[in-house]
Amino acid sequence: MKRFILGFLCFGSALVLSQAGPPNIVLILADDLGRECLECYGGESYPTPNLNRLAEEGTRFEACYATPMCSPTRVMLMTGRHSFRNYTEWGRMDLDQSTLATELKKAGYATAIFGKWHLGGWDAAPFGPTRVGFDRFATFDYEKVVREGGEIGNQYWSTEVWEDGRNFRLDGYAPAYYHEHSIDFIRRHGGSENASQPFFLYYPLVHAHRPFVPDDETEASAADQTAKNGKLEHFPAMVTYIDKVVGEIIETLGSSGQLENTVVIFSSDNGTDNVNEAKELRSKYRGIKVPGGKYLPTDLGANVPLLVRGPGVRAGRVVSAPVDFSDLMPTFCEIAKMAPPKVTDGQSLWTMLQGGPETSHDGLAITWGVFEHSSKKYKDPRTYRDELIHLVRDERWKLLSTGALFDLKSDWQETQPLPAE
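In the working numbering, the protein residues as written are 3 to 423.
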């Protein structure tokens, strides 16, 4: 009888969602935050209570694949297509493609992006975010920041911000500015005037990308988690900031009466950084100290966190089936009750999120590497040769284009490639 009642309640939750209008969607994307930094994935170095809550109240994916580089991941996320099809060069994308925002606008969603765009389109108006379907935006020209500030520039203080078609030099902490815009956007759509229109908020964080520059408040709260080696000491505060803003987004959705009608997704573009001030960074994960995996085809580089909470989403579930960022386009379209673009490579996760059986691709194929005008970090990170790198995996096995084959069940660190037979 208990099993019947539980099944009936789950069915009822999905039925209410199907009969109501489409829910809001909030997508929070961390920058350079590997799974080893989250307690809900086995991380032991940094407290992440709000991300833990998201996992407990929603579904956690054990094998979500992005590319281990920022730009290709963001193109795949926006378009639902694997990067070997449509990635052109670092920091840019073809703005005439279907994107999450253009598709959701067709379904009547208000759309906004506040944070790190990193896909170009600043040469002429209408600018990049507007071209791909966002009604509102506040972001920055990452390429210009790099040109002005060296290898990675300063994305945190005194940043030149682009907001809804105008640009200006921000006197203050840029991540806080994007966060305020995100909070305000949610509150405005919780009012009676806009309550009938669903919204899509894309909130790509600047944290925890180098340089590690926390705000003063977060640095003080993370002082007991001190790492060593100069600027590296600020990394714990970067993780704390990410967890804090996730908590404030959830709190704002709750206080505005929208939490139970909003699908909240949290992920990261790739693994944690491991060069320059991050070279000596080690985080305790599953009982051992591990480096970041950015740039590398290891699971700490390409297997990123994915947490989903929302109406109809099964709470406390852990999904082992491999998925990737191309799956978010068809998932969002199904949430919005519309068909995805025909060119999408992914498959919807929505049935699985509602408690359906685990399904996955026949085998995930992730490709990244050198493209025109890219910097040397887009070469093979081990040899710096001009070549693409490929990985293919299923639930147990992982094959690299080098010929290395790993059994992830017994060797999750990928230290012992199996001999060729």
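Note that CB positions come from ideal geometry on N, CA and C, so glycine has one too.
{"Check": "Opening and closing residue of the beta strand (DSSP E) in which W164 lies", "Outcome": "162-165"}
{"Check": "Contact check, Q157 vs F142, beta carbons under 8 Å", "Outcome": "yes"}
{"Check": "Assigned exposure category for G232 - 16 Cβ within 10 Å defines buried", "Outcome": "Per-residue confidence for G232 stands at a pLDDT of 44, beneath the threshold of 50, marking its modelled position as unreliable; no derived number is given."}
{"Check": "Close-in-space but distant-in-sequence residues of the same chain around N88 (CB under 8 Å, 5 per side omitted)", "Outcome": "V77, T81, M95, D96, Q99"}
{"Check": "Anticipated Cβ contact below 8 Å, G303 with L330, distance rounded", "Outcome": "Between L330 and G303 the Cβ distance is about 19 Å, and since that is not below 8 Å, they are no contact."}
{"Check": "Given 8 Å, three or more beta-carbon pairs between the segment 60-77 and the segment 282-297", "Outcome": "yes"}
{"Check": "Backbone CA spacing between G357 and E59 [nearest angstrom]", "Outcome": "13 Å"}
{"Check": "Element boundaries [beta strand (DSSP E), containing E291]", "Outcome": "It should be noted that the sequence gives Lys, not Glu, for residue 291. Residues 290-292."}
{"Check": "For P206: DSSP bridge partner residues", "Outcome": "L31"}
{"Check": "Given 8 Å, three or more beta-carbon pairs between the segment 176-186 and the segment 233-242", "Outcome": "no"}
{"Check": "Beta carbon of I251 nearer than 8 Å to that of P24", "Outcome": "no"}
{"Check": "Boundaries of the beta strand (DSSP E) in which W399 is found, first to last residue", "Outcome": "399-402"}
{"Check": "Exposed unless 16 or more other CB atoms sit within 10 angstroms - verdict on E153", "Outcome": "For E153, the pLDDT reaches just 49, beneath the cut-off of 50, and the residue's location in the model is therefore unreliable, leaving the point undetermined."}
{"Check": "DSSP bridge partner residues for G45 (one or two, in chain order)", "Outcome": "Y287"}
{"Check": "Given G36 as reference, the closest of D137, K286, P213 once Cα atoms are compared", "Outcome": "K286"}
{"Check": "Pair within 8 Å by beta-carbon distance, L207 and P177", "Outcome": "yes"}
{"Check": "Assigned exposure category for P342 - 16 Cβ within 10 Å defines buried", "Outcome": "buried"}
{"Check": "T81, enclosing alpha helix (DSSP H) - first and last residue", "Outcome": "72-81"}
{"Check": "Bridge partner(s) assigned by DSSP for V310", "Outcome": "T61, I267"}
{"Check": "Close Cβ partners of H236 (< 6 Å) along its chain, the five nearest in sequence each way excluded", "Outcome": "F214, P216"}
{"Check": "Separation of L355 from R268, as counted between CA atoms", "Outcome": "Reading off the sequence, residue 268 comes out as Phe, not Arg. Between F268 and L355, the C-alpha separation is close to 14 Å."}
{"Check": "Assigned secondary structure, H191 (DSSP; H/G/I helix, E/B strand, else coil)", "Outcome": "helix"}
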